[in-house]
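What follows is a short report on a single structure.
Protein chains: 2
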Amino acid sequence: MTRRSGVGSQRPNDHACALSEVVEQVSGKWSIGVLLAAADGPVRYTQLEQSVTGISRRMLTLTLRNLERDGLLVRTAYPTVPPKVEYTLTGMAVELCESLTALTDWAQRHRDAIERSRVAYDAEPGTG
Amino acid sequence: MTRRSGVGSQRPNDHACALSEVVEQVSGKWSIGVLLAAADGPVRYTQLEQSVTGISRRMLTLTLRNLERDGLLVRTAYPTVPPKVEYTLTGMAVELCESLTALTDWAQRHRDAIERSRVAYDAEPGTG
DNA sequence: CTGTATCCGGCCGGATACTG
DNA sequence: CAGTATCCGGCCGGATACAG
Chain A
56 MTRRSGVGSQ RPNDHACALS EVVEQVSGKW SIGVLLAAAD GPVRYTQLEQ SVTGISRRML
116 TLTLRNLERD GLLVRTAYPT VPPKVEYTLT GMAVELCESL TALTDWAQRH RDAIERSRVA
176 YDAEPGTG
Chain B
56 MTRRSGVGSQ RPNDHACALS EVVEQVSGKW SIGVLLAAAD GPVRYTQLEQ SVTGISRRML
116 TLTLRNLERD GLLVRTAYPT VPPKVEYTLT GMAVELCESL TALTDWAQRH RDAIERSRVA
176 YDAEPGTG
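Line order of the protein sequences matches chains A and B. Reminder that position 82 of the first sequence reads as 137 in my numbering, one-by-one numbering, no gaps. Reminder that position 44 of the second sequence reads as 99 in my numbering, one-by-one numbering, no gaps.
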C-alpha cells in the first residue's frame, strides 16, 4: 500500500467494491477448483467431475453455468452421440488465474499461520 | 502462469486448495469491506460501522471476530468509559491486501465485461 | 456422456431488542 | 461506545432420481 498518490481518486470503498465483486465471482464452494481444473486446456464434463474431488453433478453444472455467465468459461458442445462437451478458459479467466497466483504466494508465505488458526484452540494436547 | 518449471511438485489441485482457503477467508459478505476500511490505520468500531456501508452490528462483530481469529486483525480494547476499541491490520493482512490489488487491477481491466455479465441475458435484443 | 428436477437440511446474514 | 442474544427467512449446496 502507501500508494495513495498513484491511484488518484479511488477511495478505499471503491477498491472494496470492485474487489468484492471479483471475490464473489470465485467465492462459490467449487469455483476455484473448476477454474483451475480447466486451466490446462479444454476439458470435458466428466474430466472435471473427476479432477474436482467431491463435487456433485448438480454443483458442477451450476458452477460451470456461473463461470460461463461471468465470461470466464466457454462451453463447446459437439453434436455427437454420445454427446461431448468441452470447457475452455477465456482470456479473461487466464488473466484472472494469473492474478490469483498473488494470493497463492501469500498463502504459501503464511501457510503456518493459517494452519494454526484453523486448528489450535480445539486440539489442546498436553504435550505442548 | 507458465511457471510450471518453477513450482515443482505442485499439482493444480494443490493450488486450488490453498487458493480456496484464502478466498474463503475473505469471501464473507463483508470481509473485504472491513479489511479495506481498516487498512488506513487503527479504526474504531463505530468508524467501521460507518465506512462499511450497510453492515449491521451483528455482522460487523462476526466479521471482526473471524478476521481476528484468522490472524488478519488485532483488537485493542482500552479500559475507559465509555469503552474504546481499535482494530488494526496485522502484517499478514497488509500483505494480503497488497496481493489483492492484483485482483483489483484485473477487475479494472475487465470492468466492462463484468458489467455486461451482470446485466445482459435479460435484455434479449432481436439481433441474434 | 452430459446434464435437469426435486427435496431438504444447514448456514449465512438481516432485523430487532437488550447490556455493560 | 461497543458489543451480545434471539428470531427467522433465504440461499447454498448435498443426495437422489430422471432424461436426451
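No residue lacks a Cβ here, since even glycine has one placed at the ideal position from N, Cα and C.
| Item | Value |
| --- | --- |
| Members of the stretch 74-89 of chain A near chain B, C-beta cut-off 7 Å | Leu-74, Ser-75, Glu-76, Val-77, Val-78, Val-81, Ser-82, Ile-87 and Gly-88 |
| Chain-ordered chain B contacts of Ala-162(A) [CB-CB under 8 Å] | Ala-73, Leu-74, Glu-76 and Val-77 |
| Minimum length 3: unbroken beta strand (DSSP E) runs contained in the stretch 87-168 of chain A | 128-133 and 139-144 |
| Interface flag, Ala-157(A) vs chain B, CB-CB below 8 Å | yes |
| Residue environment, Asp-125(B), which counts as buried when at least 16 other CB atoms sit within 10 Å | buried |
| Proximity winner among Asn-68(B), Arg-130(B), Ser-75(B) and Pro-138(B), relative to Leu-90(B) (alpha-carbon distances) | Arg-130(B) |
| C-beta contact flag for Pro-93(B) and Leu-151(B) at 8 Å | Note that residue 93(B) corresponds to Ala in the displayed sequence, not to Pro. Not a contact, by the Cβ cut-off of 8 Å. |
| Beta-carbon neighbours of Leu-122(A), restricted to chain B and to distances below 9 Å | Residues of chain B passing the Cβ test: none, with the nearest at roughly 10 Å. |
| Cutoff 8 Å: Thr-182(B) Cβ touching any chain A Cβ | Because Thr-182(B) carries a pLDDT of 39, less than 50, the predicted location of this residue cannot be relied on, and the following value inherits that uncertainty. So, not an interface residue. |
| Cα-Cα separation, Arg-112(A) to Val-140(A) | 14 Å |
| For Pro-134(A) and Leu-127(B), the rounded distance between their alpha carbons | 50 Å |
| Residue-chain proximity (Glu-150(A), chain B), Cβ-Cβ < 8 Å | yes |
| Straight-line Cα distance separating Ala-148(B) from Glu-104(B) | 20 Å |
| Chain B within 8 Å of Met-114(A), Cβ atoms only | no |
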